[in-house]
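Student: Following my numbering, the numbering of the sequence shown begins with 1062 at its first residue and continues without gaps. In this text, a Cβ means the ideal position worked out from N, Cα and C, and glycines have one as well.
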Amino acid sequence: MLAVIGGTGLSEVNGFESVGRKRIYTPYAEKRVWVELLQYRNNTLAFLPRHGKNHVIPPHKVNYRANLWALHKLGVTQVVAVNAVGGIHENLAPGAFAIPDQIIDYTYGRSATYFEEDLESVTHIDFTNPFAETLRRTLLDSVNAANKASNRARLIMDGGVYGCMQGPRLETAAEVSKLKQDGCDLLGMTAMPEAALARELGMGYAMLALSVNWAAGLFEGEIRMEEITAVVEDGMDFVVCVLQSLLQN
């Protein structure tokens, strides 16, 4: 089964029929994890809003282990994350999309692995390529198909390095300058440990990232949340078209 983890702006998926909700117990949270089952043309996907239905859970407080465990227990084998990001690369102006292929993790203090208690031996995973390439290419095909069917062409970046910041505050101009020197093309706050946990559970993981603003210091003035909100709202209809196309591939 395919799952979609929705980020900022994607707390529900229009254009899909809800066919039920699952309350899933995990060892990593007192409360059960709610996962909605959505259907499009007889194809079903699991949907989990990362920040909660009402967008109240900040990035550093998301229970990534419980979320991924619940999806795995439900039978999910592939995960597409939808993320709102800041653009660093010149091709990632607000409104552009990226399907990154690498991550640099700058977060701290997050519960980042399942392999830490009651182990028979120390366990390592290969994380050379943090995104599953086959799923990433399928997602790219779906983005291109949605783009061709749209009346408005969206700029799509194939690849890129995602810098994962701690949040919830946005970055300083100096931090963005350092990220750029490190090779980051876009930045966000939620890809880690989400991508690594998916790998530990054997689930393919890929990301559809919407640039909602230029990162700090790359333009004159301050980042305004109302402008970000407008870009998010404008981009979500396209995201839904991508997901519909993805389900049919």
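1. Counting along the chain, where does the beta strand (DSSP E) carrying I1160 start and finish?
2. Rounded to the nearest angstrom, what separates V1065 and G1224 at their Cα positions?
3. Can you give the Cα-Cα distance for V1080 and D1295, rounded to whole angstroms?
4. In terms of alpha-carbon separation, which member of A1154, V1140, A1276 and N1115 lies closest to A1235?
5. Please name the residue or residues paired with N1104 in a DSSP beta bridge.
6. Assuming F1013 and R1215 form a contact by the criterion Cβ under 8 Å, report the distance between their Cβ atoms to the nearest whole angstrom.
7. Pull up the DSSP beta-bridge partners for E1030, would you.
8. Taking buried to mean at least 16 other C-beta atoms within 10 Å of its own C-beta, is D1202 buried or exposed?
9. Ordered along the chain, which non-local residues of its own chain (more than five positions away) have a Cβ less than 7 Å from that of P1120?
10. By the three-class DSSP mapping on this structure, what secondary structure does L1135 have?
11. Do A1127 and T1174 have their CB atoms nearer than 8 Å?
12. Closest to P1254 by CA distance: which of L1135, G1244, Y1266 and K1092 is it?
13. Could you check which residue in A1142, H1150, L1132 and H1133 has the C-alpha nearest to that of L1279?
14. Under three-state DSSP, which class holds S1182?
15. Could you tell me the alpha carbon to alpha carbon distance between F1158 and N1124, rounded to whole angstroms?
16. Nearest by alpha-carbon distance to I1165: which of G1136, E1261 and C1245 is it?
17. For the alpha helix (DSSP H) containing E1194, name the first residue and the last one.
18. Nearest to S1172 by CA position, among N1144, N1103, L1129 and R1285, is which residue?
19. Among all the DSSP beta bridges, which residues are the ones paired with K1083?
20. How close, in whole Å, do the beta carbons of L1307 and T1199 come, if the pair is a contact with beta carbons under 8 Å?
21. How far does the alpha helix (DSSP H) with S1238 in it extend, from its first residue to its last?
22. Can you tell me the Cα-Cα spacing of L1106 and Y1089, whole angstroms?
23. Looking at the secondary structure, which residues open and close the beta strand (DSSP E) in which L1247 lies?
24. As a quick exercise: from R1260, L1269, V1292 and E1283, pick the residue whose alpha carbon is nearest that of V1137.
25. Can you give me the start and stop residues for the beta strand (DSSP E) that L1063 sits inside?
Tutor: The structure says:
1. F1158 to I1160
2. 21 Å
3. 26 Å
4. A1276
5. Y1101
6. What the structure shows of the chain is the stretch from 1062 to 1310, and residue 1013 is not part of that stretch, so it cannot be assessed.
7. Residue coverage of the chain in this structure runs from 1062 to 1310, which leaves residue 1030 outside it and unanswerable.
8. exposed
9. G1228, P1229, M1250 and T1251
10. helix
11. no
12. Y1266
13. H1150
14. coil
15. 26 Å
16. C1245
17. E1194 to A1210
18. L1129
19. V1096
20. 7 Å
21. A1234 to D1243
22. 23 Å
23. L1247 to G1249
24. R1260
25. L1063 to G1067
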